[in-house]
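Residue numbers (the numbering used here), protein chains in the order written: chain A, 3 to 114; chain D, 1311 to 1427. Built from N, CA and C at the ideal position, the CB exists for glycine as well. Predicted model only: the values in this text are computed from it and were never measured.
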Amino acid sequence: GENVEQHPSTLSVQEGDSAVIKCTYSDSASNYFPWYKQELGKGPQLIIDIRSNVGEKKDQRIAVTLNKTAKHFSLHITETQPEDSAVYFCAAANTNAGKSTFGDGTTLTVKP
Amino acid sequence: GAVVSQHPSWVICKSGTSVKIECRSLDFQATTMFWYRQFPKQSLMLMATSNEGSKATYEQGVEKDKFLINHASLTLSTLTVTSAHPEDSSFYICSAPSVRFVSDEQFFGPGTRLTVL
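Set out below in structure tokens:
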């Protein structure tokens, strides 16, 4: 099955700095890579996603890059704000099978 | 985006009792729903795939007789934790893909916190 590794497990940055979270996956059949933000006691919320036919996607301060050959993808958050503090999960999915496999999560803390 | 609700949001029960958790897609139909379990400071672990009108598919290591799943309609799936024990205490989250949207996105419910005393 799919195996997703996520690093780092914790990340602390100063407000205004950039944050980068990296994930690797093992199954070459995975074709959809979403990133979720989870606040304490709540369900995950999709913040950005990318498909295997795209190398990069950006949405305001958030961007995701995908390297299919190396089987890794990254989340980039620029101009971080305290409200960006949360746990971020990457996931890899084969949309034909429907299931997603999640990384272990990264706790991001943005210091004012 | 689509909305998925869960009820209850939290529940406390005594060991040995059964607890039912509901997952509803509010503004779209979901032939498939996924049930996840999340322990504190850990990732989401897929427990089972709920299929409308047919039996659920359980992940390896998940006891189907303990975690009963029923997907009786296109907007409702239920997870019943039978004979709950303290080790079943966890955050249970459901999700559903929406075929209404041209997207592979999964829509997650807000989760249900189960505490077994």
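Three-state secondary structure assigned by DSSP to residue i
i, result
"D:E1369", "coil"
"D:P1407", "strand"
"A:D61", "strand"
"A:E85", "helix"
"D:D1375", "coil"
"D:P1396", "helix"
"D:T1342", "strand"
"A:K101", "coil"
"D:H1349", "Position check: residue 1349 of chain D holds Phe in this sequence, whereas His was assumed. In this structure, D:F1349 counts as coil in the three-state DSSP scheme."
"D:S1383", "strand"
"A:K73", "coil"
"A:D51", "strand"
Buried or exposed by the 16-neighbour rule on C-beta atoms within 10 Å, applied to residue i
i, result
"A:D148", "Given that chain A is displayed from residue 3 to residue 114, the structure contains no residue 148 of chain A and the question cannot be resolved."
"D:H1395", "exposed"
"D:P1407", "buried"
"A:P46", "buried"
"A:V56", "exposed"
"D:A1358", "buried"
"D:I1322", "exposed"
"A:F91", "buried"
"A:T37", "The amino acid occupying residue 37 of chain A in the given sequence is Trp; Thr does not appear at that position. When all chains shown are included, A:W37 counts as buried."
"D:G1326", "exposed"
"D:K1365", "exposed"
C-beta neighbour in chain A for residue i, strict 9 Å
i, result
"D:T1390", "no"
"D:M1357", "no"
"D:T1425", "no"
"D:Q1339", "no"
"D:T1342", "yes"
"D:V1314", "yes"
"D:G1371", "no"
"D:G1421", "yes"
"D:S1353", "yes"
"D:P1318", "no"
"D:S1405", "yes"
"D:F1349", "no"
"D:F1418", "yes"
"D:E1309", "Nothing about residue 1309 of chain D can be read from this structure; chain D reaches only from 1311 to 1427."
"D:D1414", "yes"
"D:F1401", "yes"
Residue range of the unbroken beta strand (DSSP E) whose run includes residue i
i, result
"D:R1334", "1329-1335"
"A:D19", "Where A:D19 is concerned, there is no enclosing beta strand (DSSP E), given that its DSSP letter is neither H nor E."
"D:S1319", "Here D:S1319 belongs to no beta strand (DSSP E), and DSSP marks it neither H nor E."
"D:A1358", "1355-1361"
"A:E7", "6-9"
"D:L1424", "1422-1426"
Test: residue i CB closer than 9 Å to a CB of chain D
i, result
"A:A95", "yes"
"A:G61", "Checking the sequence, you will find Asp at residue 61 of chain A rather than Gly. Cβ-Cβ to chain D under 9 Å: no for A:D61."
"A:T26", "no"
"A:L68", "no"
"A:L13", "no"
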